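Numbering (the numbering used here), first residue to last: -18 to 189. Note that the Cβ used here is the ideal one computed from N, Cα and C, for glycine as well. All of these numbers come straight from a predicted model, not from anything done at the bench. Everything on this sheet refers to the single structure shown next.
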Amino acid sequence: MRITVLLFPLLLVSCDGFGLFGGSDDTGIPEQGGPNYPHDHISFVINNNELSGHVEANFMPHRCRAVHITFENVDQETQYVESFGMTILFDEDRDSYTLKRELIDDFEDDRIVHPDYCDTHFHLGSEFHESDWNETVATYYPPGEETDDINKLFITDFDPSAGEYGRLEGEFETTLHFDSGEDTGRRYPDTLHIRNGKLNVHLKSPPR
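Structure (structure tokens):
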């Protein structure tokens, strides 16, 4: 009987750890080693192939606090990786951003809202990479001279009170062209058309 008395409190603690007794809501809390916001999501169609999954959006230190949005699609069997990214000079008062390839080396640019954080030049715009076992097979960028509305990210909703720096929803489309890589290793043609893009993501600091 004495053994039963000693073990019963331990049983309650163990069960409560698995949420069997109605503990705190862990919605949005990642598993150990998982993403900070596991429900952040992106989807888009690239050359008639639909991709979707978890997305990250980090403020870039030393780069005028630009926001870099990244998505990776990994084939676990072959370790072939498709990576898509967008970098913007985020401003809470703006709802559209160009995704054309552009180098920021003038820190007096009117679009920069955090000039105190500008320590190094960097590129804006969209990018796509194919990789095989951590080796880049091909890179794709939109041409810098393209100025039409194809390469655009539209912010459809921004909630500054959600998460670390807010949560944004957006829609995007962009056209990218093969820039460099190995023709024998890549799976995509010279031109990539990304359409019907949608994202829902929290803004946060990059991992230390």
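Which of helix, strand or coil DSSP assigns to residue i
i, result
"Y121", "strand"
"Y98", "helix"
"E73", "coil"
"L80", "coil"
"Y146", "coil"
"E163", "coil"
"F103", "strand"
"R168", "coil"
"E89", "coil"
"N181", "strand"
"Y61", "strand"
"I131", "coil"
"D56", "coil"
"V112", "Residue 112 is actually Ser in this sequence, not Val. Residue state, collapsed to three classes: strand."
Cβ neighbour criterion (16 or more within 10 Å) applied to residue i
i, result
"L134", "buried"
"R82", "buried"
"E154", "buried"
"R168", "exposed"
"E108", "buried"
"A119", "buried"
"F65", "buried"
For residue i, the nearest candidate out of the options (CA to CA)
i, options, result
"P188", "K179, N181 and P42", "P42"
"S112", "S161, N29, H20 and P141", "S161"
"N190", "I131, E163, R148 and N115", "Residue 190 is absent from the model: the chain starts at -18 and stops at 189."
"I27", "N181, K185, S186 and D171", "D171"
"Y61", "G166, L105, L84 and Y98", "G166"
"E152", "I50, L84 and C99", "I50"
"G178", "E31, P16 and T68", "E31"
Inter-residue CB distance, residue i and residue j (contact presumed, cutoff 8 Å)
i, j, result
"H183", "A47", "So it is not a contact: roughly 16 Å between Cβ atoms."
"T117", "H110", "6 Å"
Proximity test, residue i beta-carbon vs the ligand FAD heavy atom, cut-off 6 Å
i, result
"Y78", "You won't find the ligand FAD in this model; it holds no ligand whatsoever."
inquiry  = Report the start-end ranges of each beta strand (DSSP E) in the region 20 to 51 that is 3 residues or longer and not cut off at the edges.
reply    = 22 to 27 and 30 to 40
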